[in-house]
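Numbered by this note's numbering, the letters in the sequence shown go through residues 493 to 670 in order.
Below you'll find the structure, written out as structure tokens, and then a few comments.
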Amino acid sequence: MAADFKTLIGELMQDTYSAETQLIEALPEMAEAASTPRLKQAFEMHLQQTERQVERLERAAKLMGIELDGEDCEAMEGLIAEAEEIVDEHDEGPIRDAAMIVAAQKVEHYEIAAYGSLCTMAKAAGMTEVAELLGQTLAEEKDTDEQLTQLAESEVNPAAMRGMAANDPAARRKGSAA
Ligand code: FE
Ligand code: FE
Ligand code: FE
Numbered sequence: 493m494a495a496d497f498k499t500l501i502g503e504l505m506q507d508t509y510s511a512e513t514q515l516i517e518a519l520p521e522m523a524e525a526a527s528t529p530r531l532k533q534a535f536e537m538h539l540q541q542t543e544r545q546v547e548r549l550e551r552a553a554k555l556m557g558i559e560l561d562g563e564d565c566e567a568m569e570g571l572i573a574e575a576e577e578i579v580d581e582h583d584e585g586p587i588r589d590a591a592m593i594v595a596a597q598k599v600e601h602y603e604i605a606a607y608g609s610l611c612t613m614a615k616a617a618g619m620t621e622v623a624e625l626l627g628q629t630l631a632e633e634k635d636t637d638e639q640l641t642q643l644a645e646s647e648v649n650p651a652a653m654r655g656m657a658a659n660d661p662a663a664r665r666k667g668s669a670a
């Protein structure tokens, strides 16, 4: 149990580190399962971002003089298990893509909560550099969430609604002619 505020921040950072490293394992499978090219791309791009986010946590830990090892983030285990279930239970296509966006946004929201509160705590503890690193990642998670909303609205949900493949040009032409 955390004895003081700095220890608490360290423990929460460790949980977030576990969450991010789990995502590095899961995101390639998400990209693989996505059929909408822009969604596949979004997952691939966020994988690269996530690798940098892990590095930021390592830098922040170094600044604090702590180690990032310990318990796994159980919330992320659950969120990833749900995402895998979605992939297993749906055939490839816009319905699966629409469901995967929901799963991915739940992940981003967990991360936004984690980084948002960590950033606030680091500021309160006077750890300006740590707060800056966490703030950079927080902005990326918010941005990813927003991109997923836009992708759902502009492309994936309408395709799921039409019951057509979002990446099938023939189907799209028919859709726009209707
Ligand atoms: Fe992340
Ligand atoms: Fe957690
Ligand atoms: Fe993320």
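Here a beta-carbon is modelled for each residue, glycine too, at the ideal position from N, C-alpha and C.
Bear in mind that the values here come from a model prediction, so they are computed numbers and not experimental data.
Margin query: Rounded to the nearest angstrom, what separates E647 and E512 at their Cα positions?
Written below: One C-alpha to the other measures close to 28 angstroms.
Note to self: Could you compute how far the alpha carbon of M556 sits from the alpha carbon of T620?
What the structure shows: Rounded to the nearest angstrom, the two C-alpha atoms are 11 angstroms apart.
Checklist line | Complete runs of the alpha helix (DSSP H) confined to the stretch 526-575 [at least 4 residues] | finding: With a minimum length of 4 residues, the continuous alpha helix (DSSP H) runs that stay inside the stretch 526-575 are 529-556.
Notebook entry, point to check: Excluding five sequence neighbours on each side, which residues of the same chain lie with their C-beta closer than 6 angstroms to the C-beta of Q506?
Noted result: Correct list, in chain order: L560 and G562.
Notebook entry, point to check: R588 to F497, Cα distance in whole Å?
Noted result: Distance from the CA atom of R588 to the CA atom of F497, rounded to whole angstroms, is 42 angstroms.
Check: Which word fits T528, buried or exposed, when buried means at least 16 other C-beta atoms lie within 10 angstroms of its C-beta?
Finding: It is buried - the Cβ of T528 has at least 16 other Cβ atoms within 10 Å.
Notebook entry, point to check: Alpha carbon to alpha carbon, how far is Y607 from D583?
Noted result: Their backbone Cα atoms lie some 34 angstroms apart in a straight line.
Notebook entry, point to check: Can you tell me where the alpha helix (DSSP H) with A441 in it begins and where it stops?
Noted result: Because the chain spans 493 through 670 in this model, residue 441 falls outside it and cannot be assessed.
Next item on the list: Could you give the DSSP three-state label for G585: helix, strand or coil?
Entry: Residue state, collapsed to three classes: coil.
Notebook entry, point to check: What is the rounded straight-line gap between the Cα of V594 and the Cα of D637?
Noted result: Those two C-alpha atoms are separated by around 10 angstroms.
Checklist line | Boundaries (first-last residue) of the alpha helix (DSSP H) holding V622 | finding: V622 -> alpha helix (DSSP H) spans T620 to L643.
Check: How about E543: is its Cβ closer than 8 angstroms to a heavy atom in ligand 3?
Finding: Result no, Cβ not under 8 angstroms from ligand 3.
Note to self: Could you compute how far the alpha carbon of E576 sits from the alpha carbon of M592?
What the structure shows: Here the alpha carbon of E576 sits roughly 9 angstroms from the alpha carbon of M592.
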